[in-house]
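K.L.:
For reference, the structure I am asking about is given below.
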Amino acid sequence: MVELVLFILFGIIAVAGGLAMVLHPNPVHGALGLMATMLSLAVFYVVNSGHFIAAVQVVVYAGAVMTLFLFVIMLIGVDKSENLEERLPLQRQFAIGLGVAFLVLIALIGGNAWITAPKAAVEPNGSVEAIADLLFTEWLLPFEVTTLLLIIASVGAVALAQFDPRPRRDGEEEQ
Amino acid sequence: MEVTAGWYLALGAVLFVIGASGMLLRRNALVMFMSIELMLNAVNLTFVAIGRHVGDLNGQVAVFFVMVVAAAEVVVGLAIVIAVFRRRESASVDDLAMLKG
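Line order of the protein sequences matches chains A and B. Per the working numbering, the first sequence runs over residues 14 to 188. Per the working numbering, the second sequence runs over residues 4 to 104.
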């Protein structure tokens, strides 16, 4: 019963946040909507016994990533609302049509069989110890590779930030 | 009324469609980026819900790896957006057609 109430309440918040991100012309409001979506997803993780994952979701996604997004939006300029006018012909109709078609397809599949496996008797234990146990035994090599990925990403970000605004030579046109 | 894993899968599908339509409808590079994040989050929700259904913790480990990759992707992507903005004074992807010859 508690889970049903939580699902309805935070499901509505998640969908509303996602829609706000897509439909609102100001990206700051969109970022806040996406933050609400991520926080409600953290609630769903707790309900699905993913306690560590929920904490990481709040700290990394809703905290670090969305703060970085907001930081960049502020840097680029919050006052510039996007021109929502579509320049490509029929792009918008196609996009909405494909989205509706995808939802209908999912509903058709879901009406037949969402899940065929029987429900497990025991719920997984999503504590820090259990996750670390898997991470440092079975998934040790992928875990180490992610460190390489993070180093590459940070070096790439630094390299991209080394922007060299050379004065243009005479006669050299931009673009 | 019991909330089964199928409910979470349906919610994840709806969120994924919202993210994909944001990718198709918007022209701001930042909003398109946030749409990608929303799609990743939707898939994460299905991982966790199915992992609970079959009683397997590996779904949550997969979510952990997705979060790491998404964080790295955001760092590089936002750096690219900033670099493009400094040159073009715009974050709209419609203005970025200059790479073609």
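Beta carbons are placed, not taken as given, at the ideal position from N, Cα and C, and that holds for glycine. Computed from a predicted structure; not experimentally measured.
Using a Cβ cut-off of 8 Å, pull out every chain A residue sitting near D98/B, in sequence order please.
P.N.:
As a working mapping, residue 98/B is identified with position 95 in the second sequence. Those within 8 Å of D98/B in chain A number zero; the least Cβ separation is about 11 Å.
K.L.:
Nearest-angstrom Cα distance between I39/B and V77/B?
P.N.:
Taking the second sequence and counting its residues from 1, one reaches residue 39/B at position 36. Taking the second sequence and counting its residues from 1, one reaches residue 77/B at position 74. If you take the alpha carbons of I39/B and V77/B, they lie about 10 Å apart.
K.L.:
Does DSSP put S24/B in a helix, in a strand, or in coil?
P.N.:
As a position in the second sequence, residue 24/B is number 21, starting the count at 1. The answer is helix: DSSP assigns S24/B an H, G or I state.
K.L.:
Is the CB of I25/A under 8 Å away from at least one CB in chain B?
P.N.:
Residue mapping note: residue 25/A aligns to position 12 of the first sequence, counting from 1. False, the Cβ-Cβ gap to chain B never drops below 8 Å.
K.L.:
Between V71/A and chain B, is any beta-carbon pair separated by less than 8 Å?
P.N.:
Stepping through the first sequence from its first residue, residue 71/A is reached at position 58. Not closer than 8 Å to any Cβ of chain B, the Cβ of V71/A fails to qualify, so no.
K.L.:
Hey, I38/A and L33/B: beta-carbon distance below 8 Å or not?
P.N.:
The residue you call residue 38/A lines up with position 25 of the first sequence. The residue you call residue 33/B lines up with position 30 of the second sequence. Ile is not the amino acid found at residue 38/A; the sequence shown has Pro there. Going by C-beta atoms, P38/A is not nearer than 8 Å to L33/B.
K.L.:
Work out the CA separation of P102/A and N61/A for me, nearest whole Å.
P.N.:
Counting from 1 along the first sequence, the entry for residue 61/A is found at position 48. Counting from 1 along the first sequence, the entry for residue 102/A is found at position 89. Computed Cα separation, rounded: 44 Å.
K.L.:
Hey, which unbroken runs of the alpha helix (DSSP H) at 4 residues or more fall wholly within the segment 25-99 of chain B?
P.N.:
Listed in chain order, they are 32-57 and 61-91.
K.L.:
So, helix, strand or coil for P155/A, using DSSP?
P.N.:
Counting from 1 along the first sequence, the entry for residue 155/A is found at position 142. If DSSP states are grouped into helix, strand and coil, P155/A belongs with the helices.
K.L.:
Using a Cβ-Cβ cut-off of 6 Å (strictly less than) and excluding sequence neighbours within five positions of G15/B, which residues of its own chain qualify?
P.N.:
One-based indexing of the second sequence puts residue 15/B at position 12. Taken in chain order, the residues that qualify are A45, L48 and T49.
K.L.:
For G137/A, decide whether its Cβ has a neighbour in chain B, counting only Cβ atoms nearer than 8 Å.
P.N.:
Taking the first residue of the first sequence as position 1, residue 137/A is located at position 124. Reading off the sequence, residue 137/A comes out as Pro, not Gly. By this cut-off, P137/A is an interface position.
K.L.:
So G30/A is in the alpha helix (DSSP H); what residue range does that whole segment cover?
P.N.:
Position 17 of the first sequence, counted from the start, is the residue given in the question as residue 30/A. Looking at the DSSP string, the run of the alpha helix (DSSP H) that includes G30/A is V15 to L36.
K.L.:
State the DSSP-derived secondary structure class of A174/A, mapped to helix, strand or coil.
P.N.:
As a working note, residue 174/A is residue 161 in the first sequence. A174/A: helix per DSSP, three-state reduction.
K.L.:
Could you please give the first and the last residue of the uninterrupted alpha helix (DSSP H) stretch that includes V54/A?
P.N.:
Along the first sequence, read from residue 1 onward, the residue named residue 54/A stands at position 41. Looking at the sequence itself, residue 54/A is Leu, so the reference to Val does not match. Segment P40 to V60, the alpha helix (DSSP H) holding L54/A.
K.L.:
Tell me the residue span of the alpha helix (DSSP H) that contains I89/A.
P.N.:
The residue you call residue 89/A lines up with position 76 of the first sequence. Taken as a continuous stretch (DSSP letters only), the alpha helix (DSSP H) holding I89/A covers M79 to I89.
K.L.:
I'd like to know if G31/A contacts chain B, where contact means its C-beta is closer than 8 Å to some C-beta of that chain.
P.N.:
Numbered from 1 along the first sequence, position 18 holds the residue referred to as residue 31/A. By this cut-off, G31/A is an interface position.
K.L.:
With a cut-off of 8 Å, does the C-beta of N61/A fall near any C-beta of chain C?
P.N.:
Among the protein chains in the structure shown, which are A and B, there is no chain C.
K.L.:
Residues of chain A with a CB under 7 Å from the CB of M37/B: which are they?
P.N.:
Indexing the second sequence from 1 puts residue 37/B at position 34. Near M37/B (Cβ distances below 7 Å), the residues of chain A are M34, G43, A44, L47 and F82.
K.L.:
Whose Cβ in chain B lies nearer than 7 Å to the Cβ of E16/A?
P.N.:
What you label residue 16/A is simply residue 3 of the first sequence in a count that begins at 1. Neighbours of E16/A on chain B, chain order: V6.
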